[in-house]
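The structure under discussion appears below in the form of structure tokens.
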Amino acid sequence: MESIQEKEKHVKAMERLVRAIWVFNWFNSCGCTELLPVISSRFDMERFGLIPVGTPRHADCLIITGYQTKKSIKRAVKIYEQMPEPKAVMALGSCTMTGGMYWDSYNTIKRLSDYMPVTIYVPGCPPRPEAIFHAVGMIFEHVKKAREEIERAKRRK
Amino acid sequence: MIEEIEKYNPREEGSTIWINIPSNKLHEILKKLKEIGFEHLSMINITDWIDKDVFEIGYFLWSSKYKKNIVVKTEIDRENAKIKTSSDIWNESAAIHERELHELFGVEFEKNNDLAPLFLEDWKEKPPFRKDFDWHEYVRKNYYDNNNEREKAYFDKNVTKN
Numbered sequence: 001m002e003s004i005q006e007k008e009k010h011v012k013a014m015e016r017l018v019r020a021i022w023v024f025n026w027f028n029s030c031g032c033t034e035l036l037p038v039i040s041s042r043f044d045m046e047r048f049g050l051i052p053v054g055t056p057r058h059a060d061c062l063i064i065t066g067y068q069t070k071k072s073i074k075r076a077v078k079i080y081e082q083m084p085e086p087k088a089v090m091a092l093g094s095c096t097m098t099g100g101m102y103w104d105s106y107n108t109i110k111r112l113s114d115y116m117p118v119t120i121y122v123p124g125c126p127p128r129p130e131a132i133f134h135a136v137g138m139i140f141e142h143v144k145k146a147r148e149e150i151e152r153a154k155r156r157k
Numbered sequence: 158m159i160e161e162i163e164k165y166n167p168r169e170e171g172s173t174i175w176i177n178i179p180s181n182k183l184h185e186i187l188k189k190l191k192e193i194g195f196e197h198l199s200m201i202n203i204t205d206w207i208d209k210d211v212f213e214i215g216y217f218l219w220s221s222k223y224k225k226n227i228v229v230k231t232e233i234d235r236e237n238a239k240i241k242t243s244s245d246i247w248n249e250s251a252a253i254h255e256r257e258l259h260e261l262f263g264v265e266f267e268k269n270n271d272l273a274p275l276f277l278e279d280w281k282e283k284p285p286f287r288k289d290f291d292w293h294e295y296v297r298k299n300y301y302d303n304n305n306e307r308e309k310a311y312f313d314k315n316v317t318k319n
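Sequence order for the protein chains is A and B.
So that you can map any letter, position 125 of the first sequence is 125 in the numbering used here, and since no number is skipped, the others follow by simple counting.
So that you can map any letter, position 69 of the second sequence is 226 in the numbering used here, and since no number is skipped, the others follow by simple counting.
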């Protein structure tokens with residue numbers, strides 16, 4: 001078991017996410033079509049502190065959209081490994097879960113979680129902007145709950 | 158307009174001319190067509206006729222001088238699929254098509270010296286676009302587990318029939 005101090009350190013690092021999630025986008029299939037309105041002014045993801053960054057070394061969250069081919073998954077894993085802790089992976093679209101419409105393709109992977117730890121799956125083909133914000137809200141909720149747990153454990157001591 | 162192709166019974170439909178030629182004449186005719194004005198190669202395609210045991214290769218050319226398409230088709234043996242490259246006529250624009258077709262059909266384009274894999278990395282099976290490649294079987298073997306309750310359906314032949 002981790003000590004409370006260690007847990008608190010981890011939660012503190014995660015709380016950075018609540019202030020601003022820096023996102024690295026790995027868009028190479030059609031799952032990203034509904035992410036373009038998320039970035040632009042109608043849905044405006046910057047009001048939640050989501051900012052797209054240019055390099056995985058600055059990113060907190062990796063957004064993987066849609067299917068990955070056997071060739072691109074190797075690059076995706078390399079990108080994931082470059083990200084600093086704490087990191088989250090958001091997998092968009094039904095392709096990342098089951099292969100989607102490519103369920104019997106010889107050249108696409110079927111489950112993203114076989115290759116990297118996926119924090120949250122967002123279903124949809126492709127997911128609507130509201131679903132993406134809901135997922136972000138769930139990440140915030142998770143961090144908030146972790147903080148509350150720490151506080152409760154401290155009080156009990 | 159073009160005396161060289163007259164003897165191969167060209168068929169004309171709208172702005173497109175279709176001809177079928179023997180494969181040993183292909184390079185010579187393509188070269189001639191480029192000289193007279195069909196300077197743009199739109200694409201190269203391959204059809205796998207497994208019953209006839211041949212690959213049909215089509216070269217789609219466009220001429221801005223005559224405002225006409227021409228489709229040059231030829232048949233090659235499926236087992237020993239070899240044809241002379243046209244990348245000495247159209248350079249890179251033919252070379253990239255040939256590289257793709259070599260990967261997906263296994264056709265050897267002679268004297269094209271860059272036929273490295275384009276999309277498929279670490280591919281050990283037969284070329285996937287050939288009709289005799291059973292991709293259902295390949296997917297079942299490589300991606301799905303028969304003992305997994307959620308994935309059992311993929312092994313049902315009624316679900317994955319062609």
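For glycine and all other residues, C-beta sits at the position ideal for the given N, C-alpha and C.
Under 8 Å by beta carbon: chain B residues contacting residue i
| i | result |
| --- | --- |
| residue 70 (chain A) | 277, 278, 279 |
Selection from the options that minimises the alpha carbon distance to residue i
| i | options | result |
| --- | --- | --- |
| residue 203 (chain B) | B:286, B:314, B:313 | B:286 |
| residue 167 (chain A) | A:134, A:152, A:153, A:157 | Given that chain A is displayed from residue 1 to residue 157, the structure contains no residue 167 (chain A) and the question cannot be resolved. |
| residue 79 (chain A) | A:99, A:3, A:57, A:143 | A:57 |
| residue 166 (chain B) | B:207, B:195, B:228 | B:228 |
| residue 62 (chain A) | A:140, A:71, A:50 | A:50 |
| residue 32 (chain A) | A:150, A:126, A:71, A:141 | A:126 |
| residue 59 (chain A) | A:42, A:68, A:21, A:71 | A:21 |
| residue 301 (chain B) | A:117, A:143, A:111, A:145 | A:111 |
| residue 298 (chain B) | A:107, A:94, A:84, A:149 | A:107 |
| residue 178 (chain B) | B:269, B:214, B:264 | B:214 |
| residue 115 (chain A) | A:72, A:41, A:13 | A:72 |
Under 9 Å from the C-beta of residue i: neighbouring residues of chain B
| i | result |
| --- | --- |
| residue 28 (chain A) | The contacting residues do not exist; residue 28 (chain A) stays about 12 Å from chain B at best. |
Interface residues of chain A facing residue i [CB-CB closer than 8 Å]
| i | result |
| --- | --- |
| residue 285 (chain B) | 106, 107 |
| residue 292 (chain B) | 104, 105, 106 |
| residue 295 (chain B) | 106 |
Integer Cβ distance of residue i from residue j, believed to fall under 8 Å
| i | j | result |
| --- | --- | --- |
| residue 180 (chain B) | residue 233 (chain B) | 5 Å |
| residue 96 (chain A) | residue 137 (chain A) | Wrong, their Cβ atoms sit about 20 Å apart, outside the cutoff. |
| residue 242 (chain B) | residue 183 (chain B) | Actually they are not in contact, since the Cβ atoms of residue 242 (chain B) and residue 183 (chain B) sit about 11 Å apart, beyond 8 Å. |
| residue 162 (chain B) | residue 176 (chain B) | 5 Å |
| residue 109 (chain B) | residue 289 (chain B) | Here chain B comprises residues numbered 158 to 319, so residue 109 (chain B) is not present and cannot be evaluated. |
Residue i: contacting residues in chain A (beta-carbon distance under 7 Å)
| i | result |
| --- | --- |
| residue 300 (chain B) | 110 |
Helix, strand or coil at residue i [DSSP, three-state]
| i | result |
| --- | --- |
| residue 116 (chain A) | coil |
| residue 242 (chain B) | coil |
| residue 305 (chain B) | coil |
| residue 100 (chain A) | helix |
| residue 209 (chain B) | coil |
| residue 31 (chain A) | helix |
| residue 311 (chain B) | helix |
| residue 106 (chain A) | coil |
| residue 61 (chain A) | strand |
| residue 273 (chain B) | coil |
| residue 104 (chain B) | In the structure displayed, chain B extends from 158 to 319; residue 104 (chain B) sits before or after that span and is not available. |
### Query
Do the region 194-201 of chain B and the region 254-261 of chain B touch if we need at least three Cβ pairs shorter than 8 Å?
Judged by Cβ distances under 8 Å, the region 194-201 of chain B makes contact with the region 254-261 of chain B, as three or more pairs qualify.
### Task
Could you say if the region 272-280 of chain B and the region 87-95 of chain A meet the contact criterion of at least three C-beta pairs nearer than 8 Å?
Verdict: no, contact absent.
### Message
Tell me whether the region 35-44 of chain A and the region 71-85 of chain A touch, counting them as touching only if at least three CB pairs, one residue from each stretch, are closer than 8 Å.
### Response
Cβ pair count under 8 Å is below three, so no.
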